[in-house]
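Enquirer:
There are 2 protein chains.
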Amino acid sequence: MTSPSRLIYLPLGGAGEIGMNCYVYGFGPQGKERFILVDLGVSFPDMDGTPGVDLILPDVSWLADRADRVDAIFITHAHEDHVGALGQLYRHFPKVPVYARVFTANIATRKMEEAGQDPAMVQVAPVWPQTVTAGPFTVGFAPTAHSIPEASALVIDSPEGRVVHSGDFKIDRDPRVGEPFDPVMWDEIGKSGVRALICDSTNVFSRHEGRSESDLPAPITELVANARGMVVATTFASNIARVKTLAEAGRAAGRTVCLMGRAMKRMVTAGVETGVLTDFPPTVSPEEATQIPRENLMLIVTGSQGERRAASAALSRGKYLGHELKEGDTFLFSSKTIPGNEVSVGRIQNALSEIGVEIVDEQSGFYHVSGHANRPDLQRMHGLVKPQILVPNHGEHRHLREHCRVGAEGGLTPILAPNGSMVELSGNAPSVVEHIEVSRTYLDGSRLIGALDGVVRDRMKLALNGLVVVAIIIDEDDEPLEDCWVELRGLPEMAGNESVADMIEDQLSEVLPRLDNKTVMDDGKLEEAVRRVARQVCVSEIGRKPEVTVIISRLMSA
Amino acid sequence: MTSPSRLIYLPLGGAGEIGMNCYVYGFGPQGKERFILVDLGVSFPDMDGTPGVDLILPDVSWLADRADRVDAIFITHAHEDHVGALGQLYRHFPKVPVYARVFTANIATRKMEEAGQDPAMVQVAPVWPQTVTAGPFTVGFAPTAHSIPEASALVIDSPEGRVVHSGDFKIDRDPRVGEPFDPVMWDEIGKSGVRALICDSTNVFSRHEGRSESDLPAPITELVANARGMVVATTFASNIARVKTLAEAGRAAGRTVCLMGRAMKRMVTAGVETGVLTDFPPTVSPEEATQIPRENLMLIVTGSQGERRAASAALSRGKYLGHELKEGDTFLFSSKTIPGNEVSVGRIQNALSEIGVEIVDEQSGFYHVSGHANRPDLQRMHGLVKPQILVPNHGEHRHLREHCRVGAEGGLTPILAPNGSMVELSGNAPSVVEHIEVSRTYLDGSRLIGALDGVVRDRMKLALNGLVVVAIIIDEDDEPLEDCWVELRGLPEMAGNESVADMIEDQLSEVLPRLDNKTVMDDGKLEEAVRRVARQVCVSEIGRKPEVTVIISRLMSA
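Taken in sequence, the protein lines are chains D and U.
Per the numbering used here, residue 1 is the first one in the first sequence, and the count goes up by one each step.
Per the numbering used here, residue 559 is the first one in the second sequence, and the count goes up by one each step.
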């Protein structure tokens, strides 16, 4: 007997963190559901927890094991934390169509190409009320507003009713590029009855109504008009509306505009190619810009989060692409510093301060607005969509919990579903029906490795403890040579006037000949004996307990 | 002919960063000045730039080279970034007296003891208008207010006039523990004519007048009174006034108070021992507290900055000292998250959210006040002290610059003097007369190492790049053995189904026998050849360019 069909929701990323969005919807009898996947985003590594990693990707192994039942992938918008993993993870879902709106599809196509996947699998989806059919689902892209063009919620209709997946959104009557948030459309979507709203939680702790992108042109234009030397402005490259506002402010002040940084040029190009960006002011290349007097120049650059290799950081360090900041220049951060990036951004601001550059940032309150719905805006969305069930997503655990509370206060039935919680949305009340073990995947050089594989943990141990390498040789008669070779990495070479490596070698030369045969013949035991000696010396001489790698070379008789 | 005497100021730490305060004042003919040292603080390491380091200390080598001319060390208050390096760095200044007020002296004495220095060198200084004489200086401890008891500015009189060194301070009419800020005293100090004010810049970007510690008891008491389950509150242990407010709020709600975390107990003990803390409510030990029903209990714990080993983090992870948080408990962060600690604090808050604990933090605006003077308060201090010269300190470069601007607007003569800038304060106008190279010192295990020694840079390379260790043996005939031994650390072991180590060994087995004799005989060349092979394999197989350590064992003929 087949079990009855059910409608399920399973976050694999993005519910319990801000970033790395990846959500599964399923419909059908248990074990035979058909699936769609919404978003395949990345998260960014840091020295603190993921040194040396290139990108953090969701762990899609659960869905990959059921790839034959995946009918489509939908990408809500072109931010890296929604589309960045598409290329790398598409290998698990060969031939599955990828749907996105035209601007998003442009970026998604590039991700596929870069990863050697078939870009033709990306298809441009029409806009709601038109829909795409994928297995038991029909899915419509309903425009919202956000900090990138064409951000869309998904209206997902299934035999068990309608689900609205908000994607990242804000309520903005005039986002300047792309469609405004349309309360009439949303009211209509809500009127037909919505079983569940899966809803962005990023700004649930912000108590005031959000502001509009269209609040910015006036103050930014005034700021640029009053600047004396060169003006440099940074923002997220994908926030094309902001880039346009900045460029227009430059033009209004009679300045020539120059875009700097690969992402900046790529995003503006994508905007123009796809027709979402019109009337963008003319720009010159960084090279051409060197010919223009600094007081007539405006650079719009990447690196608002303090990324070391981006244009902002490069300019703060000195000459970059022929341009050098000077006292009296103005540097505008038209951006929010994402938690965790404060130190990197501060580093740039201090370097700019040393040069004597005027720094203007969001603290003044005039030059940046958020792309996410604040608490009152979330409440308004709840009121428009009128879902029975609220499932907060795109947030750390504390955001999801707070959003649940806000929903409950508004009379909705909330359910807290962090990554790996499979929620049944059909039936009388939502419930978590299964917990899936979800980890993370690291793109590490050219390889994908699991977060739990231990590779990165080993790197962190090396960084925290330093390393002693010992090479010992066991001769043809199974006797250890008295000499051994020691190298230190990431440890002080000297303890006072004595070499730490020499002290370890001396100590081993004494210990090795005294080891019993059983220890010498057993790699594991021998290694342990050597490690103990190396650690003892380090603890007593430099007060540290290092990692120890022992290489045993056993000579064979000829 | 002796050059004329001059009055100089030289920051060795704290001017260009928040933390690690260390300032030198000198008076006398050039090259024969007598010196006093103000504060010897630490800064805290992080994974991002200083993995494995225990503490960051100022580089005092310039002053250590002139130790015979140092007459005294003054400690303004007992925060780690002002006193934390005293024990470790005192070795450079043997027999120099250390002056501090009684509470600070209690903590300073402990630092000396822990580092094996003579605690009797710490002397309790009297309070202004009494002074201490140290070489050509007389120095008075003038009470200010801050987030620790007995914070003091120093009134430093020299033959070239008076300097006021503000230390960390705020303007607080009622700090609850220790003296209030006394505008009458400060007006009098200013009236006698002040050549220079060296002034805290931490909060120069905060535009509103600071609030008083005495604003907190009412809302905190109400919060605790309304809580249902267990209440846990965290703050800086050294903020004894806050700890007292929290404890009193617990008592007022009929709760038994328990202090948790070594620093918490140590600071309260120091407060009681020195008489600055009176009427502290009775407390029980964590063990005794396990016998008390959770709704009658209030824990006051360390770890407000998310420190992994402190009580807050431990409680967020599960059972700690017999106590375990549950749904419905309340956790109050009566603290500010210092920039750079957002992720660590967020980790704890998310863990608490997973348990279902109510989290209350400073975002609400009611449960924390800063210990530093905001911009209007700085302006008020300028107005009271009326210095000719303003030298901002205790700030990142951007804070120092902004503070200079604020001072100039108020009619003062500011001078921007980051670490290493020797400023002459005597003469007609202040000027930087010399730049001293100052680095940082790391306490690393039991050793002090220089920040530029490369040890920590090597650790970061290991963490970012991973490591390949290769051991090769050159036999008695100076021929490399065909076999070699490869180990990976912090790198994926496998590339598909093949072992990366095996691939490197195979490749080396081919390359080694073909090396010319000149390469084999030369350790450097041989190492380079081996490194090249290991890197090539890694780049092509796993897309990474690792660190490579090569150990060459040369066998001697018997």
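The beta-carbon is built from N, C-alpha and C at its ideal position, and this holds for glycine as well.
Bridge partners for Tyr581 (chain U) per DSSP, in chain order?
Expert: U:Pro569, U:Val596
Enquirer: Quick check: what's the CA-CA separation for Ala85 (chain D) versus Pro339 (chain D)?
Expert: 22 Å
Enquirer: How about Arg1090 (chain U): is its C-beta nearer than 7 Å to some C-beta of chain D?
Expert: no
Enquirer: Under DSSP, the alpha helix (DSSP H) around Asp81 (chain D) begins and ends at which residues?
Expert: 80 to 83
Enquirer: Buried or exposed, going by whether 16 or more other CB atoms sit within 10 Å of the CB of Thr691 (chain U)?
Expert: exposed
Enquirer: Rounded to the nearest angstrom, how far is the Cβ of Ile1100 (chain U) from that of Leu1049 (chain U), given a contact under 8 Å?
Expert: 7 Å
Enquirer: In terms of residue numbering, what span does the alpha helix (DSSP H) encompassing Pro58 (chain D) cover?
Expert: Counting along the chain, Pro58 (chain D) falls outside any alpha helix (DSSP H), though it belongs to the beta strand (DSSP E) covering 55 to 58.
Enquirer: Count the other CB atoms within 10 Å of the CB of Leu89 (chain D); is the residue buried (16 or more) or exposed (fewer)?
Expert: buried
Enquirer: Strictly by DSSP, which residues pair up with Ile858 (chain U)?
Expert: U:Ala791, U:Leu817
Enquirer: Alpha carbon to alpha carbon, how far is Gly322 (chain D) from Ala310 (chain D)? Give it in angstroms, no decimals.
Expert: 15 Å
Enquirer: Thr1107 (chain U) to Cys484 (chain D), Cα distance in whole Å?
Expert: 15 Å
Enquirer: Count the other CB atoms, across all protein chains shown, that sit within 10 Å of the CB of Asp887 (chain U); report buried if there are 16 or more and exposed otherwise.
Expert: buried
Enquirer: Report the neighbours of Arg459 (chain D) on chain U: residues whose CB is nearer than 9 Å to its CB, in chain order.
Expert: Leu1020, Ala1021, Leu1022, Asn1023, Gly1024, Leu1025, Arg1047, Gly1048, Leu1049
Enquirer: Drop a sphere of 10 angstroms on the beta-carbon of Met1079 (chain U), count the other beta-carbons inside from all chains shown, and report buried for 16 or more, exposed for fewer.
Expert: exposed
Enquirer: Is Gln349 (chain D) close to chain U? Criterion is C-beta to C-beta, closer than 7 Å.
Expert: yes
Enquirer: In chain D, what lies closer than 7 Å to His955 (chain U) by C-beta?
Expert: Asn350, Ser353, Glu354
Enquirer: Taking C-beta to C-beta, are Glu889 (chain U) and Ile917 (chain U) nearer than 7 Å?
Expert: According to the sequence displayed, residue 889 (chain U) carries Phe and not Glu. Yes. Within cutoff.
Enquirer: Please say whether Val204 (chain D) and His403 (chain D) have beta carbons closer to each other than 7 Å?
Expert: yes
Enquirer: Hey, is Met47 (chain D)'s beta-carbon within less than 7 Å of any beta-carbon in chain U?
Expert: Yes, contact with chain U.
Enquirer: Please state whether the Cβ-Cβ distance between Val903 (chain U) and Thr895 (chain U) is less than 7 Å.
Expert: yes
Enquirer: Could you tell me which chain U residues have their CB closer than 7 Å to the CB of Ser446 (chain D), listed as they occur along the chain?
Expert: Ordered by position in chain U, the residues that pass the 7 Å Cβ test against Ser446 (chain D) are Ile1100, Gly1101.
Enquirer: Ser997 (chain U) bridges to which residues according to DSSP?
Expert: BP columns for Ser997 (chain U) are empty, so no partner.
Enquirer: Hey, is Ser705 (chain U)'s beta-carbon within less than 7 Å of any beta-carbon in chain D?
Expert: False, the Cβ-Cβ gap to chain D never drops below 7 Å.
Enquirer: Quick check on this structure: which residue in D:Phe74, D:Ala314, D:Ala429 has the alpha carbon closest to the alpha carbon of Pro97 (chain D)?
Expert: D:Phe74
Enquirer: Would you kindly work out how many angstroms separate the C-alpha atoms of Val1027 (chain U) and Asp606 (chain U), rounded to a whole number?
Expert: 25 Å
Enquirer: Could you name the residues of the segment 354 to 371 of chain D whose beta carbon sits closer than 7 Å to any beta carbon of chain U, in the order they occur along the chain?
Expert: Cβ contacts with chain U: Glu354, Ile359, Gln363.
Enquirer: Taking Cβ positions only, does Val455 (chain D) come closer than 7 Å to chain U?
Expert: Interface residue, yes.
Enquirer: Measure the Cβ-Cβ separation of Val801 (chain U) and Gly808 (chain U) and say whether it is below 7 Å.
Expert: no
Enquirer: Given a cut-off of 7 Å on the beta-carbon distance, is the pair Ala475 (chain D) and Leu526 (chain D) in contact?
Expert: First, the residue type needs correcting, since residue 475 (chain D) is Asp and not Ala in the sequence shown. Taking 7 Å as the Cβ cut-off, Asp475 (chain D) and Leu526 (chain D) do not qualify as a contacting pair.
Enquirer: Which complete alpha helix (DSSP H) runs does the segment 504 to 536 of chain D hold, if anything under 4 residues is left out?
Expert: 517 to 521
Enquirer: Could you tell me if Arg786 (chain U) is buried or exposed, where buried requires 16 or more neighbouring beta carbons within 10 angstroms of its beta carbon?
Expert: exposed
Enquirer: Is DSSP giving Trp620 (chain U) helix, strand or coil here?
Expert: In the three-state DSSP reduction, Trp620 (chain U) falls in the helix class (H, G or I).
Enquirer: Can at least three beta-carbon pairs, one atom from the segment 35 to 55 of chain D and one from the segment 599 to 617 of chain U, be found at a separation below 8 Å?
Expert: yes
Enquirer: Once the 5 residues before and after Glu482 (chain D) are set aside, which same chain residues still bring their CB inside 7 Å of it?
Expert: Ser509, Leu512, Pro513, listed in sequence order.
Enquirer: Which residue or residues does DSSP assign as beta-bridge partners of Glu307 (chain D)?
Expert: Glu307 (chain D) pairs with nothing; no bridge assigned.
Enquirer: With 7 Å as the threshold, decide whether the Cβ of Thr519 (chain D) is near any Cβ in chain U.
Expert: no
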